[in-house]
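Residue numbers (the numbering used here), protein chains in the order written: chain L, 1 to 345; chain X, 1 to 345. Virtual Cβ for every residue (Gly too), placed ideally from N, Cα, C. Below you'll find the structure, written out as structure tokens, and then a few comments.
There are 2 protein chains.
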Amino acid sequence: MIFLNYDVSLPQPYLLFLGDTTEPGYAKTAFGLRDWAGERCVGEFACAGATVTTGLRAMTPAQAHAAGARALVIGVANAGGFIPATWLAALVEAMEAGLDIISGMHARLRDFDVLRDTADRLGRRLIDVRQPPAGIPVASGRRRGGRRLLTLGTDCALGKKYTALALTRAFTARGVDATFRATGQTGILIAGGGIPMDAVVADFAAGAAELLSPETAADHWDVIEGQGSLFHPAYAGVSLALLHGSQPDVIVVCHEPGRERVLGHPGYAVPDIGETIELALRLGARTNAGIRCAGVSLNTSKLDVAAARHVIAQTRERLGLPVADPLRGGEAFELLVDACLRTDT
Amino acid sequence: MIFLNYDVSLPQPYLLFLGDTTEPGYAKTAFGLRDWAGERCVGEFACAGATVTTGLRAMTPAQAHAAGARALVIGVANAGGFIPATWLAALVEAMEAGLDIISGMHARLRDFDVLRDTADRLGRRLIDVRQPPAGIPVASGRRRGGRRLLTLGTDCALGKKYTALALTRAFTARGVDATFRATGQTGILIAGGGIPMDAVVADFAAGAAELLSPETAADHWDVIEGQGSLFHPAYAGVSLALLHGSQPDVIVVCHEPGRERVLGHPGYAVPDIGETIELALRLGARTNAGIRCAGVSLNTSKLDVAAARHVIAQTRERLGLPVADPLRGGEAFELLVDACLRTDT
Chain L
1 MIFLNYDVSL PQPYLLFLGD TTEPGYAKTA FGLRDWAGER CVGEFACAGA
51 TVTTGLRAMT PAQAHAAGAR ALVIGVANAG GFIPATWLAA LVEAMEAGLD
101 IISGMHARLR DFDVLRDTAD RLGRRLIDVR QPPAGIPVAS GRRRGGRRLL
151 TLGTDCALGK KYTALALTRA FTARGVDATF RATGQTGILI AGGGIPMDAV
201 VADFAAGAAE LLSPETAADH WDVIEGQGSL FHPAYAGVSL ALLHGSQPDV
251 IVVCHEPGRE RVLGHPGYAV PDIGETIELA LRLGARTNAG IRCAGVSLNT
301 SKLDVAAARH VIAQTRERLG LPVADPLRGG EAFELLVDAC LRTDT
Chain X
1 MIFLNYDVSL PQPYLLFLGD TTEPGYAKTA FGLRDWAGER CVGEFACAGA
51 TVTTGLRAMT PAQAHAAGAR ALVIGVANAG GFIPATWLAA LVEAMEAGLD
101 IISGMHARLR DFDVLRDTAD RLGRRLIDVR QPPAGIPVAS GRRRGGRRLL
151 TLGTDCALGK KYTALALTRA FTARGVDATF RATGQTGILI AGGGIPMDAV
201 VADFAAGAAE LLSPETAADH WDVIEGQGSL FHPAYAGVSL ALLHGSQPDV
251 IVVCHEPGRE RVLGHPGYAV PDIGETIELA LRLGARTNAG IRCAGVSLNT
301 SKLDVAAARH VIAQTRERLG LPVADPLRGG EAFELLVDAC LRTDT
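Written out as structure tokens, the structure is:
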């Protein structure tokens with residue numbers, strides 16, 4: 001698996017910080033690091049009131065430092081990406097214990113006086129991975145060499161990054177040259193590079209997507225992490241810019257069975273998978289007329305094996321497309337990989 | 001006509017700067033100021049090679065200052081909003097003559113050493129109207145009181161702002177309480193306020209649209225200037241965020257007959273008007289199920305009277321909707337205004 005080169009070198013291993021989070025959907029950064037960069041995570045640390053856990057060993061910043069950790073990574077995000085005042089004491093404690101702070105949130109660490117002063121006093125680093133690179137161009141809309149796959153979702157935080165990572169691993173295991181392209185803070189922490197799509201100025205968002213997956217060899221696959229949802233009342237514009245700029249040949253639509261309301265927007269129903277596929281193909285055809293949907297990725301993490309198998313089979317039958325949960329793997333996932341890579345169309 | 005209050009007070013009257021522009025589509029800021037804030041424009045000034053003119057008196061910065069001008073407004077935009085090196089000498093000359101500089105481009109005036117040094121030396125102001133306000137929230141998706149109209153286009157730079165301004169004037173003339181909401185640099189210069197949608201960070205773009213047209217009295221109309229196009233390979237994400245956040249009750253689709261290729265993206269065809277209406281209603285229904293299209297605004301500025309009348313009649317017949325060129329006015333435009341304001345649906 002090849003990752004985008006990026007001019008950052010993050011201090012590691014990590015201590016994962018969970019804030020005071022009670023909503024697992026907001027802790028996807030922590031879960032992603034545990035699952036895809038587990039060798040770089042020594043444990044987790046939370047404030048009073050948190051109910052979410054990664055299952056890693058709970059430890060204080062001092063214990064983590066003694067165990068080798070060199071940075072605390074903020075592993076949770078609120079809607080809007082702000083840093084609540086209740087977290088500041090914990091972050092100061094981490095710096096006192098010898099750890100740098102890494103954040104993927106919109107709020108910049110240096111904008112908090114207490115964090116900046118503490119970091120300056122102790123010589124710690126405050127690293128914001130959500131800062132996009134300078135000089136992003138307006139999208140050209142021109143086609144470029146290489147093959148591209150984009151994951152899209154019926155909502156946020158339901159498996160678009162996991163699916164892209166799992167497909168990249170599977171492509172590589174089959175001897176196919178593939179690169180995971182990260183578009184969000186967790187992906188960037190895992191990959192060591194990427195562009196935080198949601199932090200790019202709106203006029204340049206499609207241009208950022210073009211920059212993220214540049215011209216490659218004809219048989220190379222870029223597997224691009226999707227963001228948001230084309231039906232999301234706040235983030236649909238980001239999703240559309242990423243779709244247009246990525247110019248995917250193949251899309252895989254991600255969904256969580258049983259999720260009925262948009263996360264953080266209970267007034268909005270999660271759209272149907274078929275409707276999402278149809279809209280994505282229609283909009284995506286604007287920059288790549290050859291776009292096709294290879295299949296569906298279901299996040300069945302809240303279901304038991306039998307229930308997961310049932311909903312996967314049912315969805316496959318209903319849509320007439322390969323359907324799999326990449327984290328469960330198996331034949332269903334291999335069929336989804338086959339469908340992604342098939343070149344007879 | 002009520003305009004949004006904004007915490008800026010721009011120096012005026014203006015001298016309009018046209019750079020070395022040869023493409024009229026890129027000079028929409030200058031044309032907009034001439035047509036909608038003409039009493040604040042003393043003349044125009046261009047570099048060698050420019051072929052575009054507003055028809056205002058050509059004058060040097062020194063002549064303009066003698067005639068009362070207090071600021072040079074950059075009245076042209078390139079794709080991407082950069083400031084080419086060839087303009088810098090002209091901008092320095094303007095400051096030497098006593099004028100402040102106002103820009104609506106992405107590039108910040110203070111980032112150019114020669115402009116910053118000259119401004120500091122002479123005590124001139126460098127004003128960037130494309131700086132969005134701080135603290136824009138993520139869109140909530142919640143409905144709010146008041147009525148909203150959004151103009152949408154089949155491309156950039158073909159009359160979305162003009163149409164919104166003309167409709168606001170027409171609503172007010174009929175005694176309807178209406179506010180023009182500006183989303184781009186020219187509109188902000190005309191209105192004295194607004195939010196530059198394309199400069200907002202992508203995650204907050206729909207939130208900016210919510211902020212721009214807040215809760216109002218039930219019978220008040222916000223008439224919102226559209227941006228980009230849902231089919232634009234670089235800017236569709238901005239258009240979708242504006243559509244979702246504005247939650248319009250009514251849309252008016254703007255088109256320029258005869259324009260076949262997307263401005264600056266000759267590889268892309270301009271979409272059909274009917275297709276644009278259908279997609280806008282489908283996507284807009286996500287945040288306002290009651291959305292409807294009142295009609296079409298055609299920019300017939302390149303046609304003679306007979307040809308304009310013909311294409312307006314033909315388009316009306318083909319689509320079965322009111323069609324008018326707001327700048328030509330007449331009965332066709334009054335019928336479009338009727339359709340916007342009708343409440344029997």
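Take the Cβ of residue i as the centre, count every other Cβ of all protein chains shown within 10 Å, and call the residue buried at 16 or more, exposed below.
{"i": "threonine 300 of chain L", "result": "buried"}
{"i": "glutamate 225 of chain L", "result": "buried"}
{"i": "proline 233 of chain X", "result": "buried"}
{"i": "lysine 302 of chain X", "result": "exposed"}
{"i": "glycine 104 of chain L", "result": "buried"}
{"i": "threonine 154 of chain L", "result": "buried"}
{"i": "valine 305 of chain X", "result": "exposed"}
{"i": "glycine 320 of chain X", "result": "exposed"}
{"i": "glutamate 331 of chain L", "result": "exposed"}
{"i": "glutamate 260 of chain X", "result": "exposed"}
{"i": "glutamate 39 of chain L", "result": "exposed"}
{"i": "proline 84 of chain X", "result": "exposed"}
{"i": "proline 196 of chain X", "result": "buried"}
{"i": "threonine 186 of chain X", "result": "buried"}
{"i": "proline 61 of chain L", "result": "buried"}
{"i": "glycine 237 of chain L", "result": "buried"}
{"i": "alanine 217 of chain L", "result": "exposed"}
{"i": "proline 266 of chain L", "result": "exposed"}
{"i": "aspartate 325 of chain L", "result": "buried"}
{"i": "glutamine 12 of chain X", "result": "buried"}
Can you look up residue i in the DSSP assignment and give me helix, strand or coil?
{"i": "aspartate 325 of chain L", "result": "coil"}
{"i": "tyrosine 26 of chain L", "result": "helix"}
{"i": "histidine 232 of chain L", "result": "coil"}
{"i": "phenylalanine 31 of chain L", "result": "helix"}
{"i": "isoleucine 273 of chain X", "result": "helix"}
{"i": "glutamate 331 of chain X", "result": "helix"}
{"i": "valine 352 of chain L", "result": "Past the boundaries of the shown model lies residue 352 of chain L; chain L is included only from 1 to 345, so the question cannot be answered."}
{"i": "valine 238 of chain X", "result": "helix"}
{"i": "leucine 15 of chain X", "result": "strand"}
{"i": "isoleucine 251 of chain L", "result": "strand"}
{"i": "alanine 172 of chain L", "result": "The sequence given here has threonine at residue 172 of chain L, not alanine. Threonine 172 of chain L falls in the helix class under three-state DSSP."}
{"i": "leucine 319 of chain L", "result": "helix"}
{"i": "glycine 207 of chain X", "result": "helix"}
{"i": "alanine 308 of chain X", "result": "helix"}
{"i": "leucine 281 of chain L", "result": "helix"}
{"i": "serine 140 of chain L", "result": "coil"}
Can you pull the chain X residues whose beta carbon is under 8 Å from the beta carbon of residue i, in chain order?
{"i": "arginine 142 of chain L", "result": "Gly267"}
{"i": "histidine 106 of chain L", "result": "Val201, Asp203"}
With a CB to CB cut of under 7 Å and the five nearest residues on each side skipped, what residues in its chain are close to residue i?
{"i": "isoleucine 136 of chain X", "result": "Val200, Phe204, Gly207, Ala208, Leu211"}
{"i": "alanine 241 of chain L", "result": "Ala205, Ala206, Ala209"}
{"i": "isoleucine 2 of chain X", "result": "Because isoleucine 2 of chain X sits at a pLDDT of 37, beneath the cut-off of 50, its placement in the model cannot be relied upon, and the point is left open."}
{"i": "tyrosine 26 of chain L", "result": "Val76, Ala77, Asn78"}
{"i": "glycine 274 of chain L", "result": "Leu319"}
Is residue i close to chain B? Criterion is C-beta to C-beta, closer than 8 Å.
{"i": "threonine 287 of chain L", "result": "This model lacks chain B altogether, as its protein chains are L and X."}
Enumerate in chain order the residues of its own chain whose CB-to-CB distance from residue i is below 8 Å, with the five nearest sequence positions on each side excluded.
{"i": "histidine 248 of chain L", "result": "It should be pointed out that residue 248 of chain L corresponds to proline in this sequence rather than to histidine. Same-chain partners within the cutoff: Arg148, Leu149, Leu150, Ile224, Gly284, Asn288, Ile291."}
{"i": "threonine 53 of chain L", "result": "Leu18, Glu44, Ala46"}
{"i": "aspartate 113 of chain L", "result": "none"}
Return the chain-ordered list of same chain residues with a C-beta closer than 6 Å to the C-beta of residue i, the five sequence neighbours on each side being excluded.
{"i": "tryptophan 87 of chain X", "result": "Gly19"}
{"i": "phenylalanine 350 of chain X", "result": "The question about residue 350 of chain X has no answer, for chain X in this structure spans 1 to 345."}
{"i": "proline 271 of chain X", "result": "Thr154, Phe231"}
{"i": "phenylalanine 171 of chain L", "result": "Ala178, Trp221"}
{"i": "threonine 21 of chain L", "result": "Ala27, Ala50, Val52, Val76"}
{"i": "threonine 118 of chain X", "result": "Val92, Met95"}
{"i": "alanine 37 of chain X", "result": "Ile190"}
inquiry  = What are the residues in the stretch 225 to 247 of chain X lying within 7 Å of chain L by C-beta distance?
reply    = For the stretch 225 to 247 of chain X, the beta-carbon criterion of a distance under 7 Å to any beta-carbon of chain L is satisfied by Phe231, Pro233, Ala234, Tyr235, Ala236, Gly237, Val238, Leu240, Ala241, His244.
ask   = What residues from the stretch 198 to 210 of chain X come within 7 Å of chain L, judged by C-beta to C-beta, listed N to C?
value = Asp198, Ala199, Val200, Val201, Ala202, Asp203, Ala205, Ala206, Gly207
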